[in-house]
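Heads up, the sequence shown is in this note's numbering, so the first residue is 1 and it goes up one at a time.
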Amino acid sequence: MRFAAIADIHGNCLALEAVLADIAAQGIAYDHVVNLGDCFSGPLEAGRTGDLLLLLELVTVRGNHDRYLIELARADMHASDALAYDQLSPRHLNWLRQLPVTTVWRDQVFLCHATPEIDDVYWLDSVSPDGLVHLRSRVEIEAFAKGIDQELILCGHSHLPRSIRLEDGRLIVNPGSVGCPAYDDDVPFYHRVEAGTPLASYAILDKTEGHWTVTSRLVPYRHLDMARLASERGRPDWASALASGWLA
Numbered sequence: 001m002r003f004a005a006i007a008d009i010h011g012n013c014l015a016l017e018a019v020l021a022d023i024a025a026q027g028i029a030y031d032h033v034v035n036l037g038d039c040f041s042g043p044l045e046a047g048r049t050g051d052l053l054l055l056l057e058l059v060t061v062r063g064n065h066d067r068y069l070i071e072l073a074r075a076d077m078h079a080s081d082a083l084a085y086d087q088l089s090p091r092h093l094n095w096l097r098q099l100p101v102t103t104v105w106r107d108q109v110f111l112c113h114a115t116p117e118i119d120d121v122y123w124l125d126s127v128s129p130d131g132l133v134h135l136r137s138r139v140e141i142e143a144f145a146k147g148i149d150q151e152l153i154l155c156g157h158s159h160l161p162r163s164i165r166l167e168d169g170r171l172i173v174n175p176g177s178v179g180c181p182a183y184d185d186d187v188p189f190y191h192r193v194e195a196g197t198p199l200a201s202y203a204i205l206d207k208t209e210g211h212w213t214v215t216s217r218l219v220p221y222r223h224l225d226m227a228r229l230a231s232e233r234g235r236p237d238w239a240s241a242l243a244s245g246w247l248a
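Printed below as a string of structure tokens:
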């Protein structure tokens, strides 16, 4: 089995198009691509991204920002969600409503956005009170995986590509972010997540002779076009992230 995993597009349609082209160049069909959520939120091209995703019909799970778009009133949304919401049509929102929180793909791969039970908590990473993002302890990572039978587990949310082997041999993979290489957050403590590159990230998973291997891929695209768009829409933080992979 060979397939691709994408996550955290965040309305960056140019990055998504580049990643999809790279996936096709690797000989992987679109029915062998899974999407781990957070599809639209951001100051970029949510509507265009939605049109493409609905056309492709990728296996997709719902992320926390996808949930905000269908659960919160427009007035209660943070800026990135509100900017995306204003571009989305009822059919895009109905698509989000129909997405599962978790799913099992082809009986072998468990998919979720963040953790199986909570969609806005990092699975593989933790944040210290001084804002340092670091690998979680094995005990904590293992606890989130309790009850999952599949030997390959995929998650997103942190935007950081990671692969962690559990004690029992199960593999957890975060493919990184297609469209948002850096951001800051104040939960549970103020911190920054910075990939350090503007390239779009995804992963290819191969199962040969009963074992999974992971290939992380970084894909160039017209990232400065997206940085300019973010700047025009009053988001210098996004502009810096998209231009460089770092926050200013």
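Backbone N, C-alpha and C define an ideal beta-carbon position, used for all residues, glycine too.
By the Cβ-count criterion, ARG222 is exposed, with fewer than 16 other Cβ atoms from all chains shown falling within 10 Å of its own Cβ. Three or more beta-carbon pairs separated by less than 8 Å are not found between the segment 182 to 194 and the segment 11 to 19, which leaves the two stretches without contact.
In the same chain as GLY37, and ignoring 5 residues on each side of it, the C-beta atoms closer than 7 Å to its own belong to ALA7, THR60, VAL61, ARG62, GLY63, ASP66, HIS113, GLY156, in chain order. The Cβ atoms of LEU166 and VAL214 lie no closer than 9 Å to each other. Inter-segment contact for the segment 89 to 97 and the segment 66 to 76 is present: three or more beta-carbon pairs are separated by less than 8 Å. Shown here, VAL127 sits in a strand according to DSSP, grouped into three states. Contact check for SER41 against ASP86 fails: the beta carbons are separated by 9 Å or more. Looking at the DSSP output, VAL193 sits in a beta bridge with TYR183. For CYS13, the enclosing alpha helix (DSSP H) covers residues 13 to 25.
Annotation: the continuous alpha helix (DSSP H) that includes ASP225 extends over 223 to 232. CA-to-CA, the gap between GLY50 and GLY11 works out to about 8 Å. The alpha-carbon separation between THR102 and ILE148 amounts to approximately 11 Å. In the structure shown, LEU171 falls within a strand segment according to DSSP collapsed to helix, strand and coil. In this structure, LEU135 sits away from SER128, with a CB-CB distance that is not shorter than 9 Å. Per DSSP, reduced to three states, the secondary structure at ILE148 is coil, with no helix or strand assignment. SER137 carries a coil assignment under DSSP once its states are collapsed to helix, strand and coil. As computed with DSSP, ASP8 is found in no beta bridge at all. With distances taken between CA atoms, VAL109 lies nearest to MET1 out of SER240, MET1, ALA24.
Excluding residues up to 5 positions away in sequence, ILE9, VAL178, GLY179, ALA200, VAL219, TYR221, HIS223, MET226 lie with their Cβ nearer than 8 Å to the Cβ of ALA15 in the same chain. Annotation for HIS211: the continuous beta strand (DSSP E) segment containing it runs 211 to 219. Around the beta carbon of ASP168, a 10 Å sphere encloses fewer than 16 other beta carbons of the protein chains shown; the residue is thus reported as exposed. The beta-bridge partner set that DSSP reports for ASN35 consists of ILE6, THR60.
Boundaries of the alpha helix (DSSP H) harbouring TRP238: 236 to 244, taken from the DSSP string.
By the criterion of a C-beta distance shorter than 8 Å, VAL139 is surrounded by no residue of its chain, once the five residues flanking it on both sides are discounted. Beta-bridge analysis with DSSP links ASP206 to ARG2, THR213.
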